[in-house]
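Working notes, structure below.
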Amino acid sequence: MKQLSTIIFSSILLISCNGQHKENRKTTLTKDTSTLDSTHKSPSITKKEDLPEISKAKTWLTTAIENSLNKANGNMENSNTEAEGNVNTIYTKQYYDYKDDAINVDLDDGLTNEEFFLKWKDKYNPELAGVGTGFLIPEQDYGHISVSQCELKKKIANGFIFNLVIADPQYKKKYKMDIKVIRNANSFLIDDVMEH
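Here it is as structure tokens:
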């Protein structure tokens, strides 16, 4: 009888522990899912005071990309200053160096893929660098470029991340990417292009 009561008590204890374990697991899964959902959702309502700055950054980014690519390809006339080689860059020095390394991976005097990853992994996501491809678009030859979509993805401490689609109607191509812009004096600079 004593053994039977011990077995029954042990069984009840095991069953009750299993029930609690399953409930805890469900709660944990729910928390993880909600965390994932919140990171993938677009930003909630933007503060009213941020709207002028967002609009300014969006306009700057769209104009900078279109002017830079179309002037580089001869689809737009360069100013006298630009023709003399005094081109204002639209990139931060650090991003320019990062992308330059990405373009030259595995070429003469370039880094290996592993060296590139190790050098930049703490500052950027090297998997989204567009290794072996040019600035902003992967093609060497392209037509007249326009930004067909530029939507705020996220506000960050010193700037914004925009989701962009760059269109090349002549070659019937679209390039999707996220671009991080940071404040620079009274304007902005591109500090990362995450190519998808």
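Counting in the UniProt record's numbering, the sequence shown runs from 1 upward without gaps.
Glycine included, each C-beta is placed from N, C-alpha and C at the ideal position.
In this text, all values refer to a predicted model and were calculated from it rather than measured experimentally.
Bridge partner(s) assigned by DSSP for residue i
i, result
"Q149", "V165"
"L128", "The partner list for L128 (beta bridge, DSSP) is empty, contrary to what the question assumes."
"K154", "I161"
"L189", "I182"
"Y175", "I166"
"E115", "In the DSSP output, where bridge partners are listed per residue, E115 has none listed."
"M194", "D178"
Assigned secondary structure, residue i (DSSP; H/G/I helix, E/B strand, else coil)
i, result
"D141", "coil"
"Y96", "helix"
"N75", "coil"
Endpoints, alpha helix (DSSP H) assigned at residue i
i, result
"V62", "In the sequence under discussion, the amino acid at residue 62 is Thr, which differs from the Val named in the question. Start and end: L51 to A72."
Burial state of residue i, where buried means 16 or more other Cβ atoms lie within 10 Å
i, result
"Y171", "exposed"
"K174", "exposed"
"G74", "exposed"
"A157", "exposed"
"K99", "buried"
"D168", "buried"
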